[in-house]
Structure formats: structure tokens, C-alpha cells
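Here this note's numbering runs 11 ahead of the position in the sequence shown, where the first position is 1. Heads up, the beta-carbon is just placed ideally off N, CA and C, and yes, glycines get one too. In this text the structure is predicted, and so the values were computed from the model without any measurement.
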Amino acid sequence: MMTLTHRLDRTITIKAPPALVFAFLTETPRWASWWGPGSEIDARPGGRMKIRYPEGTEAIGEVLEVSAPRRLVFTYGYATGALIPPGGSRVTIDLEPEGAATRIRLTHEFADAKVRDQHVQGWRYQLSLFANAVANVVFAGAADTVDAWFEAWAEPDAEARHRMLARIASPDVRFRDQYSSIDTIADLAAHIAGAQQFMPGIRMRRAGDVRQCQGVVLADFVAQAADGTRRAAGTNVFVFHADGLLDSVIGFMNRSTP
12 MMTLTHRLDR TITIKAPPAL VFAFLTETPR WASWWGPGSE IDARPGGRMK
62 IRYPEGTEAI GEVLEVSAPR RLVFTYGYAT GALIPPGGSR VTIDLEPEGA
112 ATRIRLTHEF ADAKVRDQHV QGWRYQLSLF ANAVANVVFA GAADTVDAWF
162 EAWAEPDAEA RHRMLARIAS PDVRFRDQYS SIDTIADLAA HIAGAQQFMP
212 GIRMRRAGDV RQCQGVVLAD FVAQAADGTR RAAGTNVFVF HADGLLDSVI
262 GFMNRSTP
């Protein structure tokens, strides 16, 4: 390999454990989920790496180092030999646990500074796709968590309500809306009891599909009286922790009832 004196560095954090994140670097179906169909990797020293971009360009390389679930190193060049010849640059991806999440440090080494600069935005974009591909697996059950949240608001039994919340939320979960500034599950459970006392018979339910991006979920909801009359509607923002539990929920009410 030629001398690689220029480097590009990029660091991101993903809400997922290192073992799962590493699988998206070393298993072909998951590798292709963020690079594109036709991309593949044989994640062992001497194995081949291929990236097929959507417009048909192919990058190829050789896997140099695999240390699960902490490091992957491979060469990177274009099959046509243009811009970067095969073997003409090197990519190192290091994973570090950060609590329940994973910090990813990527270094791409080049022989030419101008070529390096042409890849800065590409890696910014590609690692964003990577983060979303992992998050889509980690938070695949987000809709179920949202539904459980609304069910807890309708549970009349205090102990059962606390258990329901503990299954989906961190102990220090925060809840904010126009009428709430709540911290901890214990305070939230008591707050819900108060809401049931002063708004008897009101039930909330999710309206439509949730929208999830890297552990942040938007969910529309409606609130109905016991006779089915719609009393309010709005949107909740659910922020998930890397372990899948809720960190916080923020509620926004519509200005007028639909």
C-alpha cells in the first residue's frame, strides 16, 4: 500500500450495545442495510469487502483486522481504479462502550489530501445511515412501548400502574407537558392517579403509526371520554435510552380538538 499521510476522522454515538453495532460491520445482510443492495463483507483477515453504491459505483477492499466487538480495519478503493485504486486507502472503525450506548470512531487514511476532502461529506452521510439502520433494530418495538405508556394512564390500580411504567421507563423518567413537570416513575404514577381523579373516564390511545429516528419517537394520540367523545388530541415525543427504556416524554396538545 502507498504511504497514507492524510486522514479523515469521524465520531458518532449510537444508542445500541457494541455487539449489535459490530454486527452491522461484519454481517453481510446488515452491512448491506446501510451501504446498499449488493454490498457484502467477509469479516476475517484476508476477507473481501465490497460496497455497491446506489448509482452503481463499487468500492472494494480487503479486511485487515477484526477484533469483535471493538475494531474493524479494511482497505478501500474503487473497482475502476479511479480516484482511489484498490488497496489505496485504509479505514479503521473502533467501537467503545459508552454506558449502554456505543461510541464509534472512524478513521479513513488517504495518500492525497484532496481525495480525503472529497470523502468528508460521504462519511458524514454514510454513518448517519448506519446509525439509523442500527436504531431501526433496537427500537423496532417502539409502537408497543408507546401503547403501553397510554395503557398505564388508564390503569386504576396503583401497584399495577407502577409495574407497567417500570417495564417501559427508566426510574428517573421525565414527563413534561402543559400541565406536568414530572421526574421519576414514582412521581409519574402519582400524577396519573391525580389525572384520573380530576378527569374520570378519559382514555388516551395512539392515533396512526409512530415515527422513529435514532431512538426519538413521535406518536400522535387522541383522548376520549367514556362515551367515545373525542376530548383532546396531540403529539408525544418519546426519547428512548439505549437499553430500550424511556428517558423522557414530552406532550404537545393540539390547539383545537379535531
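Own chain residues within Cβ distance below 8 angstroms of residue i, not counting five before or after
| i | result |
| --- | --- |
| proline 48 | Arg63 |
| glutamate 109 | Thr24 |
Close beta carbons around residue i, own chain, < 7 angstroms, minus the five adjacent residues each side
| i | result |
| --- | --- |
| alanine 124 | His17 |
| leucine 199 | Leu176, Val184, Phe186, Ile193 |
| methionine 13 | Gly99, Ala122 |
| leucine 245 | In the sequence on display, residue 245 carries glycine and not leucine. Correct list, in chain order: Phe232, Gly262, Phe263, Met264, Asn265. |
C-beta atoms of residue i and residue j nearer than 8 angstroms
| i | j | result |
| --- | --- | --- |
| alanine 111 | glycine 226 | no |
| aspartate 231 | glycine 219 | yes |
| leucine 106 | arginine 81 | yes |
| alanine 180 | leucine 257 | yes |
| serine 139 | leucine 15 | no |
| glycine 255 | valine 149 | yes |
| isoleucine 104 | leucine 19 | no |
| valine 32 | glycine 57 | no |
| tryptophan 164 | isoleucine 203 | yes |
| alanine 236 | glycine 205 | no |
Residue i burial status per 10 Å Cβ neighbour count (16 or more: buried)
| i | result |
| --- | --- |
| threonine 268 | Its pLDDT being 49, under 50, threonine 268 is placed unreliably by the model, and the measurement read from it follows with that caveat. Classification for threonine 268: exposed. |
| arginine 185 | buried |
| glutamate 76 | exposed |
| methionine 215 | buried |
| glutamate 120 | buried |
| tyrosine 136 | exposed |
| glycine 9 | The structure shown has nothing for residue 9, since the chain only spans 12 to 269. |
| threonine 113 | buried |
| asparagine 265 | exposed |
| alanine 142 | buried |
| alanine 253 | buried |
Through-space distance from residue j to residue i, alpha-carbon basis
| i | j | result |
| --- | --- | --- |
| arginine 241 | alanine 234 | 6 angstroms |
| proline 29 | alanine 43 | 18 angstroms |
| proline 65 | tryptophan 46 | 8 angstroms |
| arginine 217 | alanine 79 | 40 angstroms |
| methionine 60 | glycine 72 | 5 angstroms |
| valine 221 | isoleucine 196 | 23 angstroms |
| alanine 34 | glutamine 189 | 42 angstroms |
| arginine 55 | alanine 27 | 23 angstroms |
| valine 157 | glutamine 207 | 19 angstroms |
| glutamine 132 | arginine 21 | 10 angstroms |
| alanine 153 | histidine 173 | 20 angstroms |
| arginine 41 | aspartate 53 | 12 angstroms |
| glutamate 162 | arginine 178 | 12 angstroms |
| glycine 67 | isoleucine 261 | 43 angstroms |
| glutamate 51 | alanine 243 | 49 angstroms |
| glutamine 129 | alanine 93 | 13 angstroms |
| valine 248 | glutamate 38 | 33 angstroms |
| proline 169 | alanine 201 | Note that residue 169 corresponds to alanine in the displayed sequence, not to proline. One C-alpha to the other measures close to 8 angstroms. |
| alanine 273 | cysteine 224 | Since the first residue shown for the chain is 12 and the last is 269, residue 273 is missing from the structure and cannot be characterised. |
| tryptophan 134 | phenylalanine 209 | 53 angstroms |
| isoleucine 115 | proline 96 | 26 angstroms |
Proximal residues to residue i (C-beta, below 6 angstroms), its chain only, five neighbours per side dropped
| i | result |
| --- | --- |
| glutamate 69 | Arg63, Ala90 |
| valine 102 | Phe85, Tyr87, His119 |
| serine 259 | Arg185, Val250 |
| proline 182 | Ile196 |
Short CB-CB distance (under 8 angstroms) between residue i and chain D
| i | result |
| --- | --- |
| alanine 177 | Although the question refers to chain D, the structure presented lacks it and comprises just one protein chain. |
Enumerate, from N- to C-terminal direction, the unbroken alpha helix (DSSP H) stretches of 4 or more residues contained entirely within the segment 17-46. 29-37, 39-46
Quick check for students: name the residue ranges of the beta strand (DSSP E) that lie wholly in the segment 110-146, counting only runs of 3 or more. 112-121
Return the chain-ordered ranges of every alpha helix (DSSP H) run that is complete within the segment 60-100 and spans a minimum of 4 residues. none
Any chance you could list the beta strand (DSSP E) runs of at least 3 consecutive residues sitting entirely within the segment 207-267, in chain order? 214-217, 222-224, 227-235, 241-251, 257-264
Contiguous beta strand (DSSP E) assignments of at least 3 residues, all confined to the segment 145-174: none
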